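Some notes on the structure that comes next.
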């Protein structure tokens, strides 16, 4: 390893400048911002540990814009191989823009020293690609692995901000209201709240987590905006929160007044210590040390089940290597790096340049907040001038992980529905407290802040439609099976069903409801244990549907592809349209029964409900259900030509829906009729007989 010491001095012809330093595509240092200055002087010093001098230092300079995207002001490369060792050098870099190479963007002055790595790690303010060797471990035997792990932390703590509400905001629209939303910024981390329409006292009740990289805290910049559709949003005010005076592990309620505007924000701010999220080399492995492993096991033992319920467990991921990756560059190679995500925690490896079989040998440690989370490992190809190209992805539920097993995972597509080229070798360990995990299961799942924007997809639309259709067909088939018992299609089956029905109804108790739900769980467990897993059939059906879609798209794509897509979307839309009409019609018919749209049907419903009330009052429900079942089972025996029906659905089919009501010229709403009087007399007669 080599130690590179850089002192950022000054730069000409710039305003509101900040600098970013990268090695191997990974950001290793970010300078402070100098406001309103064409010749900024930073005078900052940083020491970096670098693995190889072949990778240049890439410097980018930006113009800081509060609340907006920073403007690119130029970049330059510093080639480390050209530097002399153990000598202080003053370097002047000419900044350039790749899109406008002829423009003069000024210069950047650095003081650079290249020297062998010193033994004291505390002199390095940034640890980069630490390569621990066995000899180094013996030399520093007094240093415990836990100390090394703490030095590998990517951040010093977490700032949780709960945006509660705003009060007395300034009206920005013509109607006397506003559509406010809030933007937060801490360094390069940004969040945006949802928009609350037409209010001056919005309530958001949203929470955002920031990673704190500095020990002394920092300032969180907050701006409030009014959402305007079709034009630029209006600025409503700003404020900032100083984290330095706030104590850790304590929630602070802050009423922050807005500057350059009216009103105030109500916030809850909590500072916590560093979470167990880190990255280190393969040799820096806390679980390989027996003492450290014992401490972690004690931390998540059953005896500590009710201590810090949010700390469910920890997961350690060893990203070893990948093989036979897809070539993304014109040279037939790729520049792969790996991103590991667990909920909202996201870490990545360094980039291995021009290689289809990269070796990373990195260890990632995450804090587990929900044992039902899915660990996502994605491989990208780095491109300096544009966004990274996707090479492959795997998703592994934490509960499916076999601890300590080094395994090769086949990379899949972005949607995880089909394979892509290459495999990745991982070794994962999960340690968690089962009691905490069970309790956390009963609270809302953590919202993922970084998600892909939803897009209209013909394939996804068809897939979701087929999924809903399968669920509905299952219910229909179950209903047909039960109805076949009533129809006596199979006498043996109908006799068994009738005896089972009588036995269950006669002996039914409430405790049997959860017991009945245990039966399918036990049955499916037996199927899984015996190797007859029906879940694989569902996965196969999904993959077959997707393959059929791909085959249809591949056949004659020029002439028939677009037409087939239109027909497929049309079929799905018609089916969805009819299903929505059916559901809405039955809902409206129930409503119209109670609001006297058809008085005759409403009076008929009153009579039926009164009779049902009297019957249930005098006759136990068990006997009523038993009588209904005997009637259903014997109806076909009494009248073989009888058409099966559902009396409730037949009644609702006579009630018009809202669409049918609009189409009728007039609906008379007489409060009584001769039919009504006869029905009331019949009701009184029934009451007298039961009395």
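In the working numbering, the protein residues as written are 1 to 691. All C-beta atoms in this analysis are idealised placements derived from N, C-alpha and C, irrespective of residue type, glycine included. Note that the coordinates shown come from a computational prediction; the quantities given were computed from them, not determined experimentally.
Checklist entry - With DSSP run on the structure shown, which of helix, strand or coil describes residue 504? => result In the three-state scheme derived from DSSP, where H, G and I count as helix and E and B as strand, residue 504 is classed as helix.
Item to check | residue 392 classed as buried or exposed, judged by whether at least 16 other C-beta atoms fall within 10 angstroms | outcome: With 16 or more other Cβ atoms within 10 Å, it is buried.
Next on the checklist: Suppose you measure from the CA of residue 459 to the CA of residue 194; what does that come to, to the nearest Å?
Outcome noted: Between residue 459 and residue 194, the alpha-carbon positions lie close to 30 Å from each other.
Item to check | Buried/exposed call for residue 201, threshold 16 Cβ in 10 Å | outcome: Per the 10 Å Cβ criterion, exposed.
Next on the checklist: Can you look up residue 429 in the DSSP assignment and give me helix, strand or coil?
Outcome noted: DSSP places residue 429 in strand when its eight states are reduced to three.
Item to check | DSSP three-state assignment for residue 329, whether helix, strand or coil | outcome: Coil.
Next on the checklist: residue 371 and residue 398 - do their beta-carbons sit closer together than 9 Å?
Outcome noted: With contacts defined as CB atoms closer than 9 Å, residue 398 and residue 371 qualify as a contacting pair.
Next on the checklist: On the DSSP letters alone, give me the boundaries of the alpha helix (DSSP H) that residue 297 sits inside.
Outcome noted: Counting along the chain, the unbroken alpha helix (DSSP H) around residue 297 starts and ends at 290–299.
Checklist entry - Count the other CB atoms within 10 Å of the CB of residue 303; is the residue buried (16 or more) or exposed (fewer)? => result Looking at its Cβ environment, which holds fewer than 16 other Cβ atoms inside 10 Å, residue 303 is exposed.
Next on the checklist: For residue 315, which residues in the same chain have their Cβ closer than 6 Å to its Cβ, ignoring the five residues on either side in sequence?
Outcome noted: Taken in chain order, the residues that qualify are 366, 368 and 430.
Next on the checklist: I'd like to check one pair, residue 76 with residue 93: are the Cβ atoms closer than 9 Å?
Outcome noted: With contacts defined as CB atoms closer than 9 Å, residue 93 and residue 76 qualify as a contacting pair.
Checklist entry - On the three-pair Cβ rule with 8 Å, is the segment 318–336 touching the segment 288–296? => result Output reads no: the segment 288–296 does not touch the segment 318–336.
Next on the checklist: Measuring only from the beta carbon, is residue 63 closer than 8 Å to any heavy atom that is part of the ligand ADP?
Outcome noted: The model depicted lacks the ligand ADP and carries no ligand whatsoever.
Checklist entry - Does the distance from the CB of residue 243 to the CB of residue 222 come in under 9 Å? => result Between residue 243 and residue 222, the gap from beta carbon to beta carbon reaches 9 Å or more.
Checklist entry - Mind checking residue 350: buried by the 16 CB within 10 Å criterion, or exposed? => result With 16 or more other Cβ atoms within 10 Å, it is buried.
Item to check | Rounded separation between residue 523 and residue 476 - CA only | outcome: Near 21 Å, if we compare the C-alpha coordinates of residue 476 and residue 523.
Item to check | Span separating the alpha-carbon of residue 396 from that of residue 375 | outcome: Straight-line measurement puts the Cα of residue 375 at about 5 Å from the Cα of residue 396.
Checklist entry - If residue 163 sits next to residue 182, beta carbons under 8 Å apart, how far is it from one beta carbon to the other, in whole angstroms? => result Rounded to the nearest angstrom, the Cβ distance from residue 163 to residue 182 is 6 Å, consistent with a contact under 8 Å.
Next on the checklist: Going by C-alpha to C-alpha distance, which of 88, 250 and 426 sits closest to residue 364?
Outcome noted: When the alpha-carbon of residue 364 is set against those of 88, 250 and 426, the nearest one is in 426.
Item to check | Beta-carbon gap between residue 356 and residue 327 smaller than 9 Å | outcome: Going by beta carbons, residue 356 and residue 327 fall inside the 9 Å limit.
Checklist entry - How close, in whole Å, do the beta carbons of residue 80 and residue 50 come, if the pair is a contact with beta carbons under 8 Å? => result 7 Å between Cβ atoms; contact.
Checklist entry - Between 267, 383 and 411, which lies nearest to residue 695 when the distance is taken from Cα to Cα? => result Within the shown structure, residues of the chain are numbered from 1 to 691, placing residue 695 beyond reach of any answer.
Item to check | residue 626 vs residue 506 beta-carbon contact at 9 Å | outcome: Their beta carbons are under 9 Å apart, which means residue 626 touches residue 506 by this criterion.
Next on the checklist: My output table needs one value for residue 207: the three-state DSSP class, helix, strand or coil.
Outcome noted: Three-state result, residue 207: strand.
Checklist entry - Using 8 Å as the threshold, is the segment 637–644 in touch with the segment 563–574, meaning 3 or more CB pairs across them? => result Contact between the segment 637–644 and the segment 563–574 is absent, because fewer than three Cβ pairs lie under 8 Å.
Checklist entry - What is the DSSP secondary structure of residue 58, reduced to helix, strand or coil? => result In this structure, residue 58 counts as strand in the three-state DSSP scheme.
Checklist entry - Among 254, 584, 167 and 209, which one has its Cα closest to the Cα of residue 236? => result Among 254, 584, 167 and 209, the Cα nearest to that of residue 236 belongs to 167.
Next on the checklist: Am I right that residue 317 and residue 340 are in contact with their C-beta atoms under 8 Å? What's the rounded C-beta distance?
Outcome noted: Indeed, because the Cβ distance is near 6 Å, the residues count as touching under 8 Å.
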